[in-house]
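**Q** In the numbering used here, the protein residues as written are 89 to 324. Don't be surprised by glycine CBs; every beta carbon is placed ideally from N, CA and C.
1) In the DSSP assignment, what residue or residues form a beta bridge with residue 253?
2) In the DSSP assignment, the beta strand (DSSP E) including residue 301 goes from what residue to what residue?
3) Taking contact to mean at least 3 C-beta pairs separated by less than 8 Å, is the stretch 193-201 in contact with the stretch 243-260?
4) Are residue 278 and residue 246 closer than 7 Å when you measure CB to CB?
5) Return helix, strand or coil for residue 304, following the three-state DSSP convention.
6) Hey, quick one: how far does the alpha helix (DSSP H) through residue 94 stretch, first residue to last?
7) Can you tell me which residues form a DSSP beta bridge with residue 285?
8) May I ask which residues mark the beginning and end of the alpha helix (DSSP H) holding residue 107?
9) Give, in chain order, every unbroken run of the alpha helix (DSSP H) that is at least 4 residues long and sits entirely within the stretch 186-214.
10) Quick one, which of 300, 272 and 228 has its alpha-carbon nearest residue 282's?
11) Under 7 Å, do residue 121 and residue 109 count as touching if we go by C-beta distance?
12) In the DSSP output, which residue or residues are listed as bridge partners for residue 319?
13) How about residue 265 and residue 313: are their beta carbons less than 7 Å apart?
14) Is it right to say residue 311 is buried, meaning 16 or more other beta carbons lie within 10 angstroms of its own, or is it exposed?
15) Between 292, 285 and 259, which has its C-alpha nearest residue 272's C-alpha?
16) In terms of residues, what are the limits of the alpha helix (DSSP H) holding residue 221?
17) Can you tell which of 243, 244, 223 and 227 has its C-alpha closest to the C-alpha of residue 234?
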């Protein structure tokens, strides 16, 4: 199955159990990321569709069936509700992350579920060439020690706006670091979720989260990460 066929299948029947489709979902980083994006959207869409119906909906529908009329404002009310539902569904991938309403813990779990594993697969064993080009957008630089470890880096949503998501290639395996500008965290706080562990790191002008599997020494990267992000105003 080529990528175009896979994308069409994702759009038509993302829950398909066809063996070729299931194999394709794990066949390469490109396929894995597309599947993760589709799964995240479907999850958000299910959440939107789970909104409870208005309490008076049945009464109004019965009135329409009997009299073919509705009380003033009925259709306007439900047209607005339908528009709201469509807006939530259409924005399913990003709406929650961009509102700033999640706790940091919720953000970490949701964001890693979205593309954490896919980026690890993309970045493992690779060398990123634009680390400071991306991070300089946030008025920070990164030490050569950390830069040399980065396998992949990209912009990503964070609780307070845009940030950066990167994968470090280390002797302990791939470690994810997400830089979160203007986000307040408790330094050193640990989170455990879905077979992963994460530690929050306070930085000048923001924070970061270091994520790895339960078997990795995530806490051992706290000091490295905290010392590696340097405000540009202090660099020479």
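**A** According to the structure shown:
1) Here residue 253 refers to the residue found at position 165 when the chain shown is read from its first residue. Residue pairing by DSSP places residue 253 opposite 242 and 266 in a beta bridge.
2) For the purposes of this step, residue 301 is identified with residue 213 of the chain shown, where counting begins at 1. Run containing residue 301: 294-301, per the beta strand (DSSP E) assignment.
3) Touching, yes, given that three or more Cβ pairs across the two stretches are closer than 8 Å.
4) For the purposes of this step, residue 278 is taken as residue 190 along the chain shown, with counting starting at 1. For the purposes of this step, residue 246 is taken as residue 158 along the chain shown, with counting starting at 1. Cβ atoms of residue 278 and residue 246: not closer than 7 Å.
5) For this step, residue 304 is matched to residue 216 along the chain shown. Residue 304: coil per DSSP, three-state reduction.
6) For this step, residue 94 is matched to residue 6 along the chain shown. In the DSSP annotation of this structure, the continuous segment of the alpha helix (DSSP H) that includes residue 94 starts and ends at 91-100.
7) As a working note, residue 285 is residue 197 in the chain shown. Residue pairing from DSSP places residue 285 in a beta bridge opposite 280 and 300.
8) Residue 107 sits at position 19 when you count from the first residue of the chain shown. From DSSP, the alpha helix (DSSP H) with residue 107 extends over 107-113.
9) The stretch 186-214 contains these whole alpha helix (DSSP H) runs: 192-211.
10) Start at 1 with the first residue of the chain shown, and residue 282 comes out as number 194. Here the closest residue by C-alpha is 300.
11) For the purposes of this step, residue 121 is identified with residue 33 of the chain shown, where counting begins at 1. For the purposes of this step, residue 109 is identified with residue 21 of the chain shown, where counting begins at 1. Contact check for residue 121 against residue 109 fails: the beta carbons are separated by 7 Å or more.
12) Sequence index remark: in the chain shown, residue 319 carries index 231 (1-based). In the DSSP assignment, residue 319 is bridged to 228.
13) As a working mapping, residue 265 is identified with position 177 in the chain shown. As a working mapping, residue 313 is identified with position 225 in the chain shown. A contact, by the Cβ cut-off of 7 Å.
14) For this step, residue 311 is matched to residue 223 along the chain shown. Within a 10 Å sphere around the beta-carbon of residue 311 sit fewer than 16 other beta-carbons, which makes this residue exposed.
15) On the chain shown, position 184 is the one that residue 272 refers to. If we check each option's Cα against that of residue 272, 292 comes out closest.
16) On the chain shown, position 133 is the one that residue 221 refers to. Annotation: the continuous alpha helix (DSSP H) that includes residue 221 extends over 219-223.
17) As a working mapping, residue 234 is identified with position 146 in the chain shown. Among 243, 244, 223 and 227, the Cα nearest to that of residue 234 belongs to 223.
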